[in-house]
Every structure is written in C-alpha cells, then in structure tokens.
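Colleague: In the numbering used here, the protein residues as written are 12 to 69.
1. Evaluate residue 27 with the Cβ neighbour count: other Cβ atoms within 10 Å of its Cβ, from every protein chain shown; 16 or more gives buried, anything less gives exposed.
2. Confirm, please, whether the CB-CB distance from residue 29 to residue 68 is below 7 Å.
3. Please confirm whether residue 50 and residue 32 have their CB atoms less than 7 Å apart.
4. What does DSSP give as the partner residue(s) for residue 24 in the beta ladder?
5. Check whether the Cβ atoms of residue 55 and residue 25 lie closer than 7 Å to each other.
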C-alpha cells in the first residue's frame, strides 16, 4: 500500500538545515541508538521549487 494512500502531495518549500554524513552513518545511528553524524550543506535555509534529497535534514 502507499503511505499516502495514493493521494499526491506537494512540497512548496522547506527549511534545509544540514545532512547526514552518509547512509552508513544513518544506519549505524538508527541501529545503535546513537546520535547521527551530520555535516553542513552548501545552501542552508528555505528551499523552493525543489524536493529534499536523500540524507537531507529539514
């Protein structure tokens, strides 16, 4: 089943804060219950007309 029940949605804008260091870092933090290693992004702040990328922290 679809998480959204198949109903489309739109992201008008979001606030990009940082990103996870890697998929491996995310998986390790989730598995071990430890803090996630995060790294800065080149363009933090309000993002418009874009979708959040993998590992983005919004």
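Beta carbons are placed, not taken as given, at the ideal position from N, Cα and C, and that holds for glycine. Quick caveat, the model's predicted, so the values are computed rather than measured.
Modeller: So, from the data block:
1. Translated into positions along the chain shown, residue 27 becomes position 16. Buried: at least 16 other Cβ atoms inside 10 Å.
2. Indexing the chain shown from 1 puts residue 68 at position 57. Indexing the chain shown from 1 puts residue 29 at position 18. Result yes, Cβ atoms of residue 68 and residue 29 sit closer than 7 Å.
3. The residue labelled residue 50 in the question sits at position 39 within the chain shown. The residue labelled residue 32 in the question sits at position 21 within the chain shown. The Cβ atoms of residue 50 and residue 32 lie closer than 7 Å to each other.
4. Stepping through the chain shown from its first residue, residue 24 is reached at position 13. According to DSSP, residue 24 shares a beta bridge with 59.
5. Position 44 of the chain shown holds residue 55. Position 14 of the chain shown holds residue 25. Not closer than 7 Å, so no.
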